[in-house]
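So for the sequence shown, the working numbering puts the first residue at 303; every next one is plus one.
From the three backbone atoms N, C-alpha and C, an ideal C-beta is built for every residue, glycine too.
Structure record follows, encoded as structure tokens.
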Amino acid sequence: MAAKKPPQKVIEKPFLKGSATDETTVRQSLKFLGILAITSLMTFLVCSLTSFKSDVLRILINIVIEMLILIIFFDRGAASGTDAVARGEILYQHIEKGIDVSTGEKRIPFHPIKGYLIGCAGSLLFFILAVILAFTAQRQMTGAGVLPSWMDTYMRRSEVSGALVQYTQSGSVSFTDIIRIAVRILIMPFISIAGAENRGLLLTIERLSPLLVLFPAISYGSGYLLGPSRRTKVHSEIAENRRRRVSREKRERKARITHTPKGPEQLN
């Protein structure tokens, strides 16, 4: 019967905890904003290229798309949190060795709410637009809409026309209409799930849009919280690999000693 492998030893290294904000917060928030904008545009293009007559299939596909978006931001948050913990470990060692560490450097490492603050700050512009839409949105009635000419191609696609069509009586685009286009592109999977004809549900989604816009930020912050556990896993795997290497070297050394040929026996 094979011997049971010893459980992996958990290695936790101390690290310096930082502040909720630091000198890199603005830069990271702008980076988050750029990724969010690019992701939203890519999602819009993907949704515009897919057309399903089946409501069930349309809903499932858009749920998958939204889940993929959240996974992307969750993973980026986890990577950022892991890097922040690693930075904290280095600074902790510096302090233990008596090396001077500036106040600014001490603020950079991991802090539990830092990921949420970065995500929310990066989503602030879109959140403001969503709040404006939530308070000004009204149930859209059928009618002629006016859109920029470059939107004509998308208007002919039934699966995205509901997110873009402007149901106005005057034939002109209002300030709310412009904001509606931007916000609906940001939350395109939810708009596609509702469907172009379900105007009551579309209105509800628009009024909930401030919360929906923050989903990537919440996902990013939740992933950031995994920084310490991911870093612990890295240290544990390094220690386990070292243990296995030492054990393998011992077995190989023992095998060499065992199989070393003995010299000829001395004659009496």
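Item, Value
"Inter-residue spacing [alpha-carbon to alpha-carbon] between Phe-492 and Ala-423", "22 Å"
"Euclidean distance between Cα positions of Ile-538 and Thr-341", "Position check: residue 538 holds Ser in this sequence, whereas Ile was assumed. Rounded to the nearest angstrom, the two C-alpha atoms are 34 Å apart."
"Cα-Cα separation between Gln-440 and Thr-478, rounded to whole angstroms", "10 Å"
"Residues of its chain near Val-485, where Cβ-Cβ distance is below 8 Å and the 5 sequence neighbours each way are ignored", "Phe-428, Leu-431, Ala-432, Leu-435, Glu-508, Ser-511 and Val-515"
"Cβ-Cβ distance between Ala-386 and Leu-528 below 7 Å", "no"
"When Ser-404, Ala-388, Ile-483 and Arg-409 are compared against Phe-317, the one with the closest alpha-carbon", "Ala-388"
"Close-in-space but distant-in-sequence residues of the same chain around Ala-304 (CB under 7 Å, 5 per side omitted)", "For Ala-304, the pLDDT reaches just 46, beneath the cut-off of 50, and the residue's location in the model is therefore unreliable, although a value from the coordinates is still provided. Here the set comprises nothing."
"Member of Asn-543, Arg-533 and Lys-408 whose CA lies at the smallest distance from the CA of Lys-319", "Lys-408"
"Where the alpha helix (DSSP H) containing Leu-435 begins and where it ends", "426 to 438"
"Beta-carbon spacing of Ser-521, Leu-372 below 7 Å", "yes"
"Classification of Glu-325 by the beta-carbon crowding that lies within 10 angstroms, buried from 16 upward", "exposed"
"Proximity of Lys-311 and Ala-541 at Cβ, strictly below 7 Å", "yes"
"Contacts around Ser-414, its chain only, beta-carbon distance under 7 Å, and the 5 residues preceding and following it disregarded", "Checking the sequence, you will find Pro at residue 414 rather than Ser. Excluding positions up to five away in sequence, the list reads Leu-527."
"Selection from Arg-532, Arg-550 and Ser-549 that minimises the alpha carbon distance to Asp-377", "Arg-532"
"Residues near Ile-313 in its chain [Cβ-Cβ closer than 8 Å; skip 5 each side]", "Thr-534, His-537, Ser-538, Ile-540 and Ala-541"
"The alpha helix (DSSP H) enclosing His-396, as first and last residue numbers", "357 to 398"
"Integer-rounded CB distance, given that Ala-322 should sit under 8 Å from Lys-416", "6 Å"
"Residue closest to Thr-405, alpha-carbon to alpha-carbon, out of Val-348, Gly-390 and Leu-419", "Gly-390"
"Pick from Ala-498, Phe-437 and Ser-425 that is closest to Gln-330, judged by C-alpha positions", "Ser-425"
"Residue span of the alpha helix (DSSP H) that contains Asp-479, given as start and end", "477 to 488"
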